[in-house]
Structures are given as C-alpha cells and as structure tokens.
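Numbering (the UniProt record's numbering), first residue to last: 1 to 776. Right, one structure below, let's go through it.
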Amino acid sequence: MKLDRETADAIRITRTRSGELATGNISFDELCRRYHVIEMKRLFDDNGCAERTRESGLDLWYTITFEGDGEQIKRDFGNIPGVTHVEVPLRIKRAYRMHTAGTAPSIYVFGSVSEHAVPSNYPFNDPLFFRQWPLYNDGSINTKAVSGADVNVIPAWKKTAGRNDVIVAVVDEGVQYTHPDLAANMWSGIGRNFCSGNNSSITWGEGHGTHVAGTIAAVNNNGIGISGIAGGTGNGDGVKIMSCQIFHPTNGYYDANTDQTAQAIKYAADNGAVICQNSWGYAAGAFGSESQWISYDRAIKDAIDYFIAYAGMSPDGKTQTGPMAGGIVTFAAGNEYSAQPAYPAAYSACISVSSISCNYEAASYTNYGSTVDIAAPGGGAWASSSRDIPYNQGYNLSTIPTDLYNGQNFVYTTYEGYTEPIMIDYVEETGYGYMQGTSMACPHVSGVAALIVSQFGQPGFTQQECKEILLGTARNIDSYQPSKYAGRIGALVDAGAAVDAGHTPAPEAPTITSESGQSDSFSLSVDETKTLFYTLANYTDWRVNDVSGQVTYSISGDKVSLTFEGSRFTPGKYTVELIASNESSSTTRTITCTVVDPSGTQPPTITPAQGQSDSFTMDAGQVKTLQYTLSNFTNWEVQDDTNRIATSFANNVLTLTIDASKYTAGSYTARINVYNDTASTSRTISYTIEEAPAPGELTLDLYPNPCVDVLNFLANQSGAATIRILNSVGWEELNQSVVFSKGHPLTLDVSGFAPGTYLVDINYNGTRISRTIIKR
C-alpha cells in the first residue's frame, strides 16, 4: 500500500510485549490485530539513496504480510485516511518461447543449412559470429532470408564496441556470471536474486537470462564463442551486465511477484545501471488501458519511473554521476500474436520491442500494435509462413549455461504445482544455444542503447537524447510486412545509424580557474582594495551573485575580475558566487571576504562546547550546563525572559546553568548577544521542559540531536538497561545492554549509521522510553 506523506512520516513500527505488530496509527493497528498481520515493512530499500527515494515517494510504499483474504484486506486498508493506493501483488510471466523446433526430419526446411561467411570488415575473432545473423545477415542462412535484415552493428564497432562504465541490468532469470564468454563483462557486484524463498545466490536454470545477457555483452575478441553487441574489444571495455534475478530456475512458485520485481528495478538504478532490460510481462489484453494497468500495478510503474528519472544520478538525485542522466527501460512486446497491448511493455514511458525474422518480416509469434515502439531480430518463422523452421536456420544464437546439454531432462514445477519435464534441445555447443522470441529481440535494442551511451555518454547527456537517437535512427521496414503488420511493429533498430547519428555531444562542464597564488578566502581591511582574477572555459554565460551589492566585476576575453573595495563594506564576513554555465550544466566558485576595521577588530564569535546542541529537551528536575567560548568581544549579555538561567563567566567562557525544577512544563528560549566596537553576534537557545516523572521513574537526555558520530545518554538513575535503535522502516540497527550511571553520560558510537531518522527504544526495569533522533 502507498501512504500519503504525513501518514508515512508518523508510522513507527514496533512490537508489543505480546508480540503484536504496532504502528502508532490506531486504524492500522486495529486492522493488524483483525487480520493477524505478521509483518509490515517498507517495500523499497534505500540502497544508499535515501534522499531521492523520499523525493520520488517510493518511501511511502509498504508491504503487509497477513492471514486472510487479499481483496478484503485491500478494501479495508484502502479505506483508512492517509492510504492513497492498495494493490495485491501480481504474478508475472516469462515473455519467451524457450524451446526450439528441434531438428526432426518432419520440420519443414526452407533450403539447406547455410552458415554465412564472416565479412572482411568484421573486427573481432569470435569463432561463432558466423552464426549470429541478427548482427550480420548476408541472406544465406536459408532461401527466404534477406540480406541486411539485421541490427547493422559492424559499422557501429568502428566507433565504439562498448564502455565499461555503462551498466545494463538484466531483470530476468539469473545470468551465469561464471560463463567464460560473460565473466569479464559482469558488473563488479554481480547482482541480486529477488525470488522468494532461498535466494542467497544467483541461479540460471534453463538459460534465458544468460542468453539475453550474451546478446548484449558477450565478451568480444576473446577468441571464444560469440560477439556481444556492446561486448567491447577484448580490452576490458565492454559494457557491464548486472543480474537482477526474478525467475526461479526450477519452481515457478518462487518466482518474484510484482513487488519484488519493483524492488529489482529500483536496485538496478541505485547501483549504477542506466539501461534496464526486461523480457517478462502480463498477457496481452490483460489490462484494457494504461490507466487500468496502473491501478493494479502502480508499484511497478513507480519503480520504472524512478529508474528513468534517477538512473545515473547522485544519491540525492540532483547531480549526474553516471554516463547518462536518467535511464532507458526496454521490454519485450510479448509472444501471443496479438494486437492488444501487453503491459508493462505498452507503458508509454518504456520502449516496447517487437520481433522480426531473418527476412525483415514480423515474426510469426510477435505481438504488434500502436503501443510497440521498435523492432529487432527475435528469430523463428515469419508471419506469412504457417510452418516453423529449424533452429539453425533462423533462431538466435547466444550464450547459455555451460551445464546444459541436448537430451537433458530438465524438471520444472509451475506456480500451480504441476511438474513439467523439459527436454533440452537447443544447445549448439557447450555454453551456446538457440532461442526465439521477443525476449531475444529486446536485448538487441538494449545492446544498441548501450552503444549509444558508450558513444555519446558524458555530463549533460540524457536518457531522452538516447531514446530519441535509438528510435529516430531505426529503419522503416513496413514494405516487407503483410498489411496487418505495416506500421504496427515499429522500425528496425540500427546500431550503425545510431552511433553515427550526427548527435552533438553535450559540452563539458564549465571550468573556473583561479589565477596562480590567489585564494578564494581572504581578509581585507576597510582601507584596502583587492582584485581577484578567474579564467572561464566551456561556458556560454556567466554571472556573479553578490548579496552585498558592493563588489565590482567585469570580463575581458575569458578572464573575469572581481574587485573588493574595503571602504564600501562594514566589518564582517561576505560571500560572493561566480557562476559559469552552458546549456547542460553550471559550475560555481565561492569567494569569502572578511572585512576588518584598521585596528584589526573582527566580528565577535560564539563557539559552543564540542557536541553541544542549542536545542534540547529536559526532564523536570534535571540540571543542564551549557558553555560557550567568546572571542573578539568587548561585552556580552544573556536575554532570558524567565530570569531562571544562572550565568557565570571566566577565561572567555560563558557558562549557562538551567535548573528544570524551577520551571513548569513548556518550551522556552534564551539569547546570547556579544558585542565589540564595530559589530555584534547572537546565538539562540531553545529548550523544552517535560512533565516531572513519577518517583523512581527513569528520565533521559539524548544529545546531540541531530547527531553525527556519537549519541550521549544522560540518565537520572543508575542501573542496567537495554537500548534498541530502529531505522525508519522498523529494522533493528542496534540492540545493546548498557549500565546507566546517574549524572554521567553514556556514549554510543553511531558513526556507522546511514543518515536518516531513527527510533531509540530504552527498556529500564520494565519501563520503556522511546525517542526519535536524526543522524546526519
């Protein structure tokens, strides 16, 4: 379920003494008891990207595990104020035709088998390239094949064969990351298994995910196997494959459902992928419209939107850190020979890929229609044929797991529990085999997208530009289609045209270079003048942000001068920004000038003791001491409307003592003012006094809050206690037994905690105290 912001921020997931789940929301807690809710937790992990997760609203999603009817609990939770959407996770299905037609004599043969020759301009030494007609088709693989019905990748390789900072996530079966033709192009983290049940490692089953990965990035020029579209030149420069496993190798019951698949897509974006390859979906026509699909499957939709917006971006989502700003999401259109939309492929933000055969014609099984964006070779028979073809005359060859062999009995159990014995029949040689389907077409598009990013990716290059190049350079193949397919399968992806698109790469980020020996931070007397010089490059515009309005500046050629005339300022600290920009990015240089009077007097300063906060809460009866070091001052005062703060001053240290027993419960402020002959400085203290505890009750002061490296506990009693710290989704980060000593702070190291909000739960002799802290 998805919550609104106010409701989500108020949720505090805990367990009662009886073990019941509690959230602090009365309506939620009542339903949790009614339906025996076992677990409630956030759907999406932050993965080190908490800021953009919150910005996108993915932190508002929660999953509920319960006993009872899904539709009933969906209705009941959906009626709670603050719940904006509820859905029951759906079962996804594999969008492929795994099994080939085999080589039995009864199969209709269009001519004899003929492996095409390797062209003279083929730049690599992979021995099975001559069987990869989708990459190079000279029309000789069967009598119906047409020369040029391929992705035209050889011309693209003259410019780029990949780049190792481009990561493609394969959301599919697991990829055999140890495969000799893939291992060198696997992402350093390999990936993650998102299936239910035992998912401690990635597994690869019948080989669908491995086949997809090889099409994209089998290692080129390594003297073995096949060539990958973006597999590099054999010098460690191929794009990287990230395996996001959503299908179990032998039991469909453990396949990921939609919430786990949504997690996989977000995981890919948060770990550096900029292209997300998907060959799965729902049956064509299962949803009548995009809005209907979203109403049932919004978590997937939100995850796709997140990938498109935040792939290649910094954890806060504001700065490009990868080769492209934003991500490309490709989906196989489906294999049901249907003109009805199949989601998520049909979602307008995705790229939906149909399949053609070796003669340019739509493949006999491919889905088609207005929601299809582009076509690619998927193999198999063509639409105008009523017969299948031998796999080695038109299916797609790629990598498969090295432990598969023809004649092998592979047992697969369906989600419903039916056992399906499968005879493996598509192995060409160990580690390589033939498959067909829009699943095989889709990775050709993902591979070409990876080449586009490899060629043009740099600061300022966006996913929208990549998408425009990908779709805008595809070849129109309508003249080859039976009438029902013309204009309904998309144009054919073209790697050569895409890489040679005439796209003008975005300019590099502007630079601002300081003159040698010059500092951006300096002091200036009121009777002095200082001029700074900066040289600009890669810019189309520049400006100066000067709040004081007293700095004069000009530009000559590419050199900017900024002049600070001390007599125009009153003593104090001033900040000026010099900004250079172009159409893709901007660069800022900050200059700090401290103006002092002729006698050298600077503004006063007030420095708090280390770890001390100006904002805190006190229990009634507690005494708190604050200390501040003053400098550059001639006089000081404390403004205290209560007249209850005791002050003392020695050795430039001002000490404030607050005795909470002298107050009624409430919130208060005080102000320290420090002066010299030319300037003044102030500091405000805010504190809250809580109600007096019952006799013998533990009270605690937690400080500093917000904290950075340490968190201190100051107790009013001595004794053993247990401290638990839970993160924002209720997961326990710390569980530690401690001993409080009255009046002496206990210090915990929190430097290893990620920034965010945490719940601190203290159990002392059966008394529980809960506090919220912020870690920075």
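Yeah, the Cβ is synthetic: ideal placement off N, Cα and C, and Gly gets one too.
1) Distance, Cα to Cα, N712 vs F194?
2) Here's the rule I'm using: 16 or more other beta-carbon atoms within 10 Å means buried, otherwise exposed. How should M98 be labelled?
3) What would DSSP say about H744, mapped onto helix, strand or coil?
4) For T413, which residues of its own chain have a beta-carbon under 8 Å away from its beta-carbon, when the five flanking residues on both sides are left out?
5) On the three-pair Cβ rule with 8 Å, is the segment 335-347 touching the segment 362-381?
6) What are the uninterrupted segments assigned as alpha helix (DSSP H) that are 4 or more residues long and contained completely in the segment 131-212, given in chain order?
7) Do N652 and S631 have their CB atoms nearer than 8 Å?
8) For M618, which residues from the same chain have a beta carbon less than 8 Å from its beta carbon, with the 5 sequence-adjacent residues on both sides left out?
9) Kindly indicate which residue of S554, C276, E528 and T575 has the alpha-carbon position closest to the one of D546.
10) If you draw a straight line from the alpha carbon of S525 to that of S548, how long is it in whole angstroms?
11) According to DSSP, is C32 helix, strand or coil?
12) Assign W293 to one of three DSSP states: helix, strand, or coil.
13) Which of the three DSSP states, helix, strand or coil, is assigned to C442?
14) Give the secondary structure of T215 by DSSP, where H, G and I count as helix, E and B as strand, and everything else as coil.
15) Check D9 in the structure and name its three-state DSSP category.
16) Would you mind sorting W157 into buried or exposed? The rule is 16 or more other CB atoms within 10 Å of its CB.
17) What number of angstroms, rounded off, separates the C-alpha of G756 from the C-alpha of G223?
18) Beta-carbon within less than 8 Å of R768's beta-carbon, same chain only, minus the 5 sequence neighbours each way: which residues are those?
19) Using only alpha-carbon positions, find the residue among C707, Q622 and R771 that is nearest to K742.
20) Would you mind sorting E173 into buried or exposed? The rule is 16 or more other CB atoms within 10 Å of its CB.
21) Rounded to the nearest angstrom, how far is the Cβ of V353 from that of A441, given a contact under 8 Å?
22) Along the chain, where does the beta strand (DSSP E) containing S554 start, and where does it finish?
23) Taking three-plus beta-carbon pairs below 8 Å as touching, is the segment 200-211 in contact with the segment 125-144?
24) Please identify the residue among V329, S680 and F287 whose C-alpha is closest to the C-alpha of F307.
25) Do you know offhand how far T594's Cα is from G572's?
26) Enumerate, from N- to C-terminal direction, the unbroken alpha helix (DSSP H) stretches of 4 or more residues contained entirely within the segment 278-359.
27) So is I26 buried or exposed if we call it buried at 16+ other beta carbons inside 10 Å?
28) Tell me, please, which residues DSSP counts as bridged to P377.
29) Only counting runs of 3 or more residues, tell me where the beta strand (DSSP E) segments fall wholly within the segment 630-690, in order along the chain.
30) To which residues of the same chain is S521 closer than 6 Å at the C-beta, ignoring the five residues directly before and after it?
31) Output needed for A325: all residues of its chain with C-beta closer than 6 Å, excluding positions within five of it in sequence on either side, in chain order.
32) Using the C-alpha atoms, what's the distance from Y434 back to V170?
33) Based on Cα-Cα distance, which residue from A650, T642, L698 and V638 lies nearest to Y675?
34) Should S243 go down as buried or exposed, given a rule of 16 or more other Cβ atoms within 10 Å for buried?
35) State buried or exposed for W731, treating a residue as buried only when at least 16 other CB atoms are found within 10 Å of its CB.
36) Leaving out five residues before and five after Q736 in sequence, what residues of the same chain have Cβ atoms less than 6 Å from its Cβ?
Reading it off the structure:
1) 39 Å
2) The predicted model places M98 with a pLDDT of 42, which falls under 50 and marks its position as unreliable; any figure quoted below should be read in that light. The residue in question, M98, is buried, as its Cβ has 16 or more Cβ neighbours within 10 Å.
3) strand
4) T250, N251, G252, Y253, T419 and E420
5) yes
6) 154-157
7) yes
8) K624, I658, A660, Y687, T688, I689, E690 and D701
9) T575
10) 16 Å
11) helix
12) helix
13) helix
14) helix
15) helix
16) buried
17) 50 Å
18) D761 and I762
19) Q622
20) buried
21) 5 Å
22) T552 to S556
23) no
24) V329
25) 6 Å
26) 290-296 and 298-310
27) exposed
28) I356
29) 635-639, 646-650, 653-659, 666-675 and 680-689
30) T592
31) G312 and T462
32) 19 Å
33) V638
34) buried
35) exposed
36) I723
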